[in-house]
Amino acid sequence: MTAPLHEPTAEAAPSAADEAALIAGSAEAKAVQGRSLGRIAWERLKRDKLALAGGMVVLVLILIALLAPVIANLVGQDPETHHEDLIDPLFSTPTGSFGGISGDHLFGVEPVSGRDIFARIIYGARISLLVGFLSALVAVVLGTILGVLAGYFGGWIDATVSRVMDGLLAFPQLLFIIALVSVMPNEMLGLTGTGVRLFVMILVIGFFGWPYVGRVVRGQTLSLREREYVEAARSLGAGRFYILFKELLPNLVAPIIVYTTMMIPTNILTEAALSFLGVGVKPPTASWGQMLSAAIDYYESDPMYMVIPGVAIFITVLSFNLFGDGVRDALDPKGSR
Amino acid sequence: MSTQRTTGRRKQAVAAAAVVAALLSTAACGGGNDDDGGGSKTGAAGFDAANNKVAQASLAKKGGTLKFAGAQDADSWDTTRGYYGFMWNFSRYYSRQLVTNKTAPGATGAEVTPDLAEKTAEISDDGKTYKYTLREGSTWEDGKPITSKDVKYGIERAWAQDVLSGGPIYLQQVLDPKKEYKGPYKDKSADKLGLKAIETPDDKTIIFKLPAANSDFEEMLALTSASPVRQDKDTKSKYGLKPFSSGPYKFQSYTPSKGIVLVRNTEWKASSDPVRKAYPDKITVDFFTNANDMDQRLIKGDYDLDIGQTGLSPQGRTTALKQHKANLDNPVSGYIRYAVFPQSVKPFDNEHCRKAVIYGADHESLQTARGGPVAGGDIGTNMLPPSVPGSEGQKYDPYELATANKNGNAAKAKEELKACGKPNGFKTTIAVRNNKPVEVATAESLQASLKKVGITVDIEQFDGAQTTGIIGSPSNVKKKGYGIIIMGWGPDFPSVQGYGLPLWSSDYILESGNNNFALIKDKTIDGLFDSYTKELDDTKKAAISTEINHKVMEGGYYLPFVFEKFINWRSNRLANVYTTDGYSGQYDFVNLGLKK
Chain A
0 MTAPLHEPTA EAAPSAADEA ALIAGSAEAK AVQGRSLGRI AWERLKRDKL ALAGGMVVLV
60 LILIALLAPV IANLVGQDPE THHEDLIDPL FSTPTGSFGG ISGDHLFGVE PVSGRDIFAR
120 IIYGARISLL VGFLSALVAV VLGTILGVLA GYFGGWIDAT VSRVMDGLLA FPQLLFIIAL
180 VSVMPNEMLG LTGTGVRLFV MILVIGFFGW PYVGRVVRGQ TLSLREREYV EAARSLGAGR
240 FYILFKELLP NLVAPIIVYT TMMIPTNILT EAALSFLGVG VKPPTASWGQ MLSAAIDYYE
300 SDPMYMVIPG VAIFITVLSF NLFGDGVRDA LDPKGSR
Chain B
0 MSTQRTTGRR KQAVAAAAVV AALLSTAACG GGNDDDGGGS KTGAAGFDAA NNKVAQASLA
60 KKGGTLKFAG AQDADSWDTT RGYYGFMWNF SRYYSRQLVT NKTAPGATGA EVTPDLAEKT
120 AEISDDGKTY KYTLREGSTW EDGKPITSKD VKYGIERAWA QDVLSGGPIY LQQVLDPKKE
180 YKGPYKDKSA DKLGLKAIET PDDKTIIFKL PAANSDFEEM LALTSASPVR QDKDTKSKYG
240 LKPFSSGPYK FQSYTPSKGI VLVRNTEWKA SSDPVRKAYP DKITVDFFTN ANDMDQRLIK
300 GDYDLDIGQT GLSPQGRTTA LKQHKANLDN PVSGYIRYAV FPQSVKPFDN EHCRKAVIYG
360 ADHESLQTAR GGPVAGGDIG TNMLPPSVPG SEGQKYDPYE LATANKNGNA AKAKEELKAC
420 GKPNGFKTTI AVRNNKPVEV ATAESLQASL KKVGITVDIE QFDGAQTTGI IGSPSNVKKK
480 GYGIIIMGWG PDFPSVQGYG LPLWSSDYIL ESGNNNFALI KDKTIDGLFD SYTKELDDTK
540 KAAISTEINH KVMEGGYYLP FVFEKFINWR SNRLANVYTT DGYSGQYDFV NLGLKK
């Protein structure tokens, strides 16, 4: 993020104290253009074909993840049934060509167990997206709250939050998660097995992600709090929290959205990496990273097994990034482009 | 014996492995300039040509460098401390024992033959006294003769478990069951030879006096842990870094997890050693961090064989089977891979719940998970490995695992569940080592098939390097609720005692490092082991072994997966190659030769 947001429009910074000016202003705006910030952004986004395509793919992925059991049912497969009859007992690889791709098994079957890869991929999407979204949510909530507090109040709060952020940014989070997951109990808070792992992953990835949001939000807040409209609100006797929530936060929404769309693919990759290293979800739960990890032993004899989850991760991360880029450009036309 | 090769760790070190591989490959380019450059593709002996028989014995010539590759270093190269199967096999290059395994293929290789001793023991009628006379002319690497006192000192080192942990302790348990001797480092006598059960009246004679007879005693003396060690060369816990050689080769260099170079021990005389042929001039071992990488280098011909002898990994196996079948052998390893049910974890205290799992499992699926009939092995039907006298192989199949019930028998499983009082099934946890992808695959197979009979299992992967403290601790197993543990076991020496005593005897239930995972406390089984150790007749010994196996199977403590088989690689250059039951179906390292 480079430049601060646009001058406050009536919609973005309503102030109860100068209601008269507000009414006059909005009437004037209507006469001139009558378009809200969101609408302007949407107009821009619509023109960005790549971003739209990315957005569509993201939407489809979310649908697939939500409907995974339904889709699996439609093709008559599930992610945990073994089909050893489709495995060559001598080589442990699928008997059919291209990893056993057939009408029944659209993406083929796994070596050794013969589980349906299509079903595992669509179920894996649930894990990837769940971790990606929820950990981003954790990071955004923490980052926004702490960033705004640090930026607005300054002083010792700012100093503390900033140092904590510096520390967390320097922390080797992957190692930390590996260590944490391996000492995690099998049951906690009513969750078992994979549930515990997911909970820990989401929390930790989110926790290490908030400083990225926090830094940006703090910077924005620092510059926004000196703006005239904030000064005006303050001089009219608005309380701190009124200013925080009604004056500042609406102007921070855009950078936060942009950061969220950028953070989700990173988190998906982190989940894949953790599952790849064997500290992600537990078997037999499918995850793309876990599939990649298992494919290492077969990359020569059954390359499709590695290609398919690899492509899935690639497409997901790429479309999130394209969409995120588009959103940023749309919300921030002054940004260097 | 313990298993080797932490294949899982490679995944954490892909990048590092690439670097190491690059380094190793440059190193190999500088070194191996032997006279094998012809690139002959017809030199290999053929598929299974060295399995239980000798391949190309006449082609073995003196000289050359024999090159081992390994995916994991041994636990220790100290003769007292090593417990890995391949370490015992390899140690014959630099250590001799009173008696050792015959250098012969198959079952004969598990028989005992004189080595430092002139002949096998003169055993007293009560089976309690063993007397050996040492051979003339056997020397240490500095030319001094090997004496009976060196042998005694080498054996005594096993008592110093506080300094030299890790090795087998059979001799300690047989010679000094009350643990009266405190080991040579705490020995008050001047010569440090205070162990009363061994007498050395002169430099050539050694007499063992057993408090109670043990019919496998000579087998125990054939273990590497009974090798001589010379007192003035004993560097205690550092001895494994450079053992002092009594065999035909000595250590030139050793860097842990990097490599070993052995060169000829010029003081060793072939006339003093009826066992070792000592063909190559030099023996090298290079350790890799990535098993796939190692397999590729083996197939390329950069190395002669895998020191770990645990079979090619799936990738290399496929390539080798398709393109180099003549370089492969498919021996039975002597290991049984199995699931075991700790009785301390409910509902496995009830034998019917144990049997429900045995019947509910899909045994063919488990076999596929282990690698299939060729690379994994035949479906295991009982708990005595085929290489052990008294075993019946698949002929003894009390649960019809390889026949009628090979895909599981849901009806019988349900019946057993009803008998156990859990007609709707139950929940439990499978504990499996995280560094063994194949074991995780078997856990998933078990999970999938048990689900069909209503038994829900959660798979808990634990750090494979922490086995002794996690599944080896009965209190931890109970606390964590590990109802099913996936493991494997191979004989230390081919007898029911060398295989099953640590697994099934109530005396062997330990607080840490336990291997009697099922916590079997069966007076009949204990009694059978007692009568086995007193029995000197081989036929009767075998009959008792059979009976012990039956008792274990009837209790339903174990679900055997496979009688394990490997697919092992031998290079075109190797001659005089054969697998031996003495080392669990591995190639007999000590007499490997190279073709010129």
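So the protein sequences, as listed, match chains A and B.
Mapping of the first sequence onto numbering that gives the first Met the number 0: position 206 corresponds to residue 205, and the numbering continues sequentially without gaps.
Mapping of the second sequence onto numbering that gives the first Met the number 0: position 593 corresponds to residue 592, and the numbering continues sequentially without gaps.
Cβ coordinates follow ideal geometry from the N, Cα and C atoms, glycine included.
If you check the CB distance, Asn-567/B and Leu-327/B come in under 8 angstroms.
Neighbours of Asp-296/A in chain B, taken as residues whose beta carbon is under 8 angstroms from its own, are Asn-291, Ser-312, Pro-313, Gln-314 and Pro-436 in chain order. When the five nearest sequence neighbours on each side are left out, the beta carbons in the same chain lying within less than 7 angstroms of the beta carbon of Phe-216/B are those of Tyr-129, Val-173 and Leu-209, in order along the chain. Going by beta carbons, Pro-242/B and Ser-94/B fall inside the 8 angstroms limit.
A distance below 6 angstroms between beta-carbons, with the five flanking residues on each side excluded, links Thr-112/B to the following residues of its chain, in chain order: Lys-101. DSSP, read as helix, strand or coil, puts Phe-565/B in coil. Not a single CB atom of chain A sits nearer than 8 angstroms to the CB of Ile-298/B. Taking 8 angstroms as the cut-off, the Cβ atoms of Leu-527/B and Glu-546/B count as close.
DSSP lists Tyr-337/B as the beta-bridge partner residues of Met-486/B.
Secondary structure of Asn-329/B (DSSP, three-state): coil. Ranked by Cα distance from Met-552/B, the first of Ala-338/B, Ala-159/B, Ile-259/B and Thr-317/B is Ala-338/B.
Nearest C-alpha to Ser-96/A among Val-163/A, Ser-300/A, Ile-312/A and Ala-329/A: Ser-300/A. With a 10 Å radius around the Cβ and a threshold of 16 neighbouring Cβ atoms, Leu-62/A comes out exposed. Sequence-distant Cβ neighbours of Gly-45/B in its own chain, meaning closer than 7 angstroms and more than five residues away, are Ala-325. In the structure shown, the three-state DSSP call for Gly-307/B is coil. Contact of Leu-89/A with chain B by beta-carbon distance below 7 angstroms involves Leu-320, Gly-371 and Val-373.
Of the other Cβ atoms in all chains shown, 16 or more fall within 10 Å of the Cβ of Phe-340/B; this residue is therefore buried.
In the assembly as shown, Met-55/A is an exposed residue. Its beta-carbon has fewer than 16 other beta-carbons within 10 Å. Counting only Cβ-Cβ distances below 7 angstroms, Asn-433/B has contacts in chain A at Gly-277, in chain order. For Ile-547/B, the uninterrupted alpha helix (DSSP H) run begins and ends at 537-553, by DSSP. Where Asn-266/A is concerned, the enclosing alpha helix (DSSP H) starts and stops at 248-275.
Ser-386/B and Gln-393/B have their C-alpha atoms some 13 angstroms from each other. Below the 9 angstroms Cβ cutoff, chain A contributes Gly-192, Lys-281, Pro-282 and Pro-283 as neighbours of Ile-458/B, in chain order. Here Pro-559/B is near Ile-335/B, since their CB atoms are less than 8 angstroms apart. Its chain contains Ile-263, Asn-266 and Ile-267 as the residues whose beta carbon lies nearer than 6 angstroms to that of Gly-131/A, once the 5 sequence neighbours on both sides are disregarded; these appear in chain order. Chain A has a Cβ within less than 8 angstroms of the Cβ of Ala-447/B.
Residue-level contact check: Thr-309/B does not touch chain A, since none of the beta carbons of chain A fall below 8 angstroms from its beta carbon.
With a 10 Å radius around the Cβ and a threshold of 16 neighbouring Cβ atoms, Gly-497/B comes out buried. Per DSSP, reduced to three states, the secondary structure at Pro-313/B is helical. Annotation: Cβ neighbours of Ala-368/B in chain A (cutoff 8 angstroms, chain order): Val-111 and Ser-112.
For Ile-86/A, a Cβ of chain B is located within less than 8 angstroms of the residue's own Cβ.
Neighbourhood of Val-356/B in chain A, by CB distance below 7 angstroms: empty, with the nearest CB roughly 17 angstroms away. In this structure, Asp-74/B places its C-beta atom within 8 angstroms of the C-beta atom of Gly-81/B. Between Pro-210/A and Leu-174/A, the C-beta spacing is not below 8 angstroms. Note: Phe-461/B is bridge-paired with Arg-432/B in the DSSP secondary-structure output. Within chain B, the residues placing a beta-carbon under 8 angstroms from that of Ser-300/A are Pro-313, Gln-314, Thr-317 and Thr-318, ordered along the chain.
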